[in-house]
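Numbering (the numbering used here), first residue to last: 46 to 298.
We treat Cβ as the ideally placed atom computed from N, Cα and C, and that holds for glycine.
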C-alpha cells in the first residue's frame, strides 16, 4: 500500500492531528500513560520528557531529558521507533505495530532503563555502547562515531552500503577514530575539534557508486597535500581508511 500524499499544508496538519489522536487512543485502550507529543507530523510524532534523569548526560555537560520518536508511513510498513537521552539515540528499531511502539515510549518515559527496554521491547536494537553510555557517558568523539554507525543499520532512512563500509573501516583505524567524523554528500572527512566550526584534519574519503573509494587532501591542507599530492582511488573501504590514516600529519606529543 503506497504512502498517502497530501497536496496542502492544511491536509498535512490535519493528518498530523489525526495521527496524534490515534496514538492517544491506542495508549488509552492499552491502559498506558503517554505524554502529549512535543511535535506531530503526518508520518510521525516526537516526544520529550520533563526533568532529566540525574545520571543521563547525553554526551554534554548538562543533564539531558528523555526523548522518543515514532515514524510511520501509513503504507503497511512497520512503525519505526527511536528512544533517546537528549540528542543521543540509544535504542531504535521497527515495532510490530503502533501499539507496541506506544508501549515502549510509555515505558521509557515511566523511567525504564535500557536493560528493561530491551526486555519489554525486544524489537528495539540496544547496543553495548548504549548500555555503557547509560551508566557513564562515553567520550564525546567516540559517541559521535557510535551514533552514526548505529544509524547505518537501524535508522529509518538507510544509507548505501558503501558509505556504511567506509565509516566502519575508518572507525577501525585508531588514528581516525580519535578524530571527530564529519560528512557531506557521503564524503567523510575529519576534524580535530568536536564542535562547529570544525578544524580540518586534512584528509577526505569519497565513496564512489562503483564501489571504489577516492582518498584526497581536504581543503588544501598542506601537510596532507605533500604526503598525497594527487587523489588516490582504491578498491576497498579498508584500504581507503588505512591510506587516510597514513597521510595524516604526526600527532602532537
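Query                                                                                                          : Result
For residue 183 and residue 177, the rounded distance between their alpha carbons                              : 7 Å
Inter-residue Cα distance where the pair is residue 78 and residue 218                                         : 45 Å
Residue 255 versus residue 285 - alpha carbon distance                                                         : 14 Å
3-residue-minimum beta strand (DSSP E) runs that sit fully inside the segment 203–270, ordered along the chain : 225–229, 232–236, 245–252, 258–262
7 Å CB neighbourhood of residue 138 in its chain, flanking five on each side removed                           : 126, 168, 169, 170, 199
N- and C-terminal bounds of the alpha helix (DSSP H) containing residue 146                                    : 143–154
Close beta carbons around residue 216, own chain, < 6 Å, minus the five adjacent residues each side            : 190, 222
Reduced DSSP secondary structure (H/G/I, E/B, other) of residue 65                                             : helix
Selection from 260, 268, 295 that minimises the alpha carbon distance to residue 281                           : 260
Status (buried if at least 16 other CB within 10 Å, exposed otherwise) for residue 195                         : buried
For residue 109, three-class secondary structure by DSSP                                                       : coil
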